[in-house]
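So the structure is just underneath, and the comments pick up after that.
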Amino acid sequence: MTDNTEEEGVDLVVAGGGGGLAAAIRAAQHGLSVLVIDASEHFLSANNTAMSTAMIPGAGSRWQSEAGIADSADTFYADIVAKTKGQADENLARALAEVSGPLVEWLADEVGLPMSLVTDFPYPGHSQLRCHTVPGRAGAVLLKHLAEAAQSSPLIDFFVPARLIDVIMTDGTVSAVVVDTPAGLETIHTRAVLLATNGFGADAELVGRYLPEIAGAVYYGSDESTGTALQIGARLGAATAYLDAYQGHAALAMPSATLAGWATVMHGGFLVNEAGARFGNETSGYSEYAQESLRHANGRAWIILDRRIHEACLSFQDYQDTVNLNGIRWATTAAELAELVNIDSAGLTQTLAETREYAAARAADAFGRTLWEAPLNGELAAIFVQPALFHTQGGLRVDGQGRVLRDTGDAITGLYASGGAAMGISGHGAAGYLAGNGLLPALGLAYLAAEHLHANAGVVS
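All residue numbers for the sequence shown refer to the working numbering, where the first residue is -2 and numbers rise by one.
Okay, here's the thing in structure tokens:
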């Protein structure tokens, strides 16, 4: 932090060193001064952006064009509507669908991220291959590139650790923030604040109140996701929306707490309970399947896969971490594998035979699954997984420019929110979540907030 920041102030304070860095970088590109604060000294590895699989939807990107994929913001928006059954906020969904393509190209061309299009398997709910990522498909790699770009800008300062305590308004406009630092409380003058402090997944009381159906799952996210934005927003009269929305995940490998990944399923794997039986259509989506695992497998399930799937998933650093931490067990037959991981042998043997029939199109799955890349053959493996809450998808109500809104619908001047601090585009519950619905609002709303701040350099309105 420079010496004159507190006295002279900055154009923008970004509270949260994850996806909010997109706002810092974009604002600095427009010549605005930025201060990034984060409560954790370890923000590069301990926030939800770093813990993601770095999947960012980008409709109509040049990588899609090069691959011969015809996609558009309208098509993406239609997918959001379909997955959420029309529950997503129309204005926000359209704004994020429209910025998604330009966002991934900006990340590559102006921020320097080595982006590529994921073409080896489809994510549930996306009608087109539109998820873009970085090498290793790891959020930590994505965040490292964002942080390096931000740290290289002379217009961006970092103040870490510094916890946002309050936002001060003067004459109805943001004028300062109060932060808690190791040296005590400090007031920093600013004309705009982006709340990028994530959601409330780390607060068990709030999860129990708003998300009771997933309260029994493991929380896999930042310890700093305690609802800071909700607390500050409430004091400023902000409206909230979709507080019952969340991203779950049914493939958290235990006890290593690494992400086995849903590519294991999309390449043809399946989940079983202790009886060796499947309990639903796994390809409906990994978010809603977390609740299915809680409900039908008592939160104890195993992903069953083979060598083909194993090799296909090694492109994910998270999957490699699971392998390296001995999270995968191999056997030559279903009976041997069942004995190895202590599940019912007859049940697993029968389930394997049934799935081979489904994958060969010789029988129809009673759960309605139709996507089976190929029957499992040869050596078989099992990964013990438990359902997890990754992050909440509801928060402060925002418009398509990231501005925080009051119940009356008017914007709180100078206050923006992104990512888990803001309402998302997943509708209610977990079933509306599409891959990338976490990072797109995190990066996309941050980018849009910076654009709006720049466009209203005189008066933020």
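Ideal Cβ positions, reconstructed from N, Cα and C, are used throughout, including at glycine. Everything numeric in this text was worked out from a predicted model, so none of it was measured.
Asked	Found
Should residue 28 be labelled buried (16 or more other beta-carbon atoms within 10 Å of its own) or exposed?	exposed
Taking the beta carbon of residue 106 as the centre, do at least 16 other beta carbons fall within 10 Å, making it buried, or is it exposed?	exposed
Here's a check: name, in chain order, each residue in its chain whose Cβ is nearer than 7 angstroms to the Cβ of residue 210, leaving out the five neighbours to either side.	288
Tell me the rounded alpha-carbon separation between residue 184 and residue 195.	22 angstroms
Rounded to the nearest angstrom, how far is the Cβ of residue 255 from that of residue 322, given a contact under 8 angstroms?	6 angstroms
Please report the straight-line C-alpha distance between residue 190 and residue 36, rounded to a whole angstrom.	15 angstroms
Flag this pair as yes or no: are the beta carbons of residue 416 and residue 46 separated by less than 9 angstroms?	yes
Could you give the first and the last residue of the continuous beta strand (DSSP E) run that contains residue 298?	298 to 303
Taking the CB atoms as reference points, tell me whether residue 384 and residue 291 lie closer together than 9 angstroms.	yes
Let me know the secondary structure DSSP gives residue 390 once reduced to three states.	coil
For residue 221, count the other beta carbons within 10 Å of its own beta carbon; 16 or more makes it buried, fewer makes it exposed. Which is it?	buried
Rounded to a whole number of angstroms, what is the C-alpha to C-alpha distance between residue 116 and residue 66?	10 angstroms
Skipping 5 residues on each side, what residues in its chain have a beta carbon closer than 7 angstroms to that of residue 425?	84, 239, 241, 242
Would the beta-carbon of residue 269 fall within 9 angstroms of that of residue 298?	yes
Do the segment 199 to 213 and the segment 67 to 82 touch if we need at least three Cβ pairs shorter than 8 angstroms?	no
From 16, 21, 33, 23, pick the residue whose C-alpha is nearest to that of residue 44; which is it?	16
Let me check one thing: in DSSP terms, what residues is residue 160 bridge-paired to?	177
DSSP state of residue 103, grouped into three classes?	helix
Which class does residue 54 belong to by DSSP, given the choice of helix, strand or coil?	strand
Based on Cα-Cα distance, which residue from 40, 60, 74 lies nearest to residue 434?	74
According to DSSP, is residue 383 part of a helix, a strand, or is it coil?	strand
Roughly how many angstroms separate the alpha carbons of residue 277 and residue 365, rounded to a whole number?	8 angstroms
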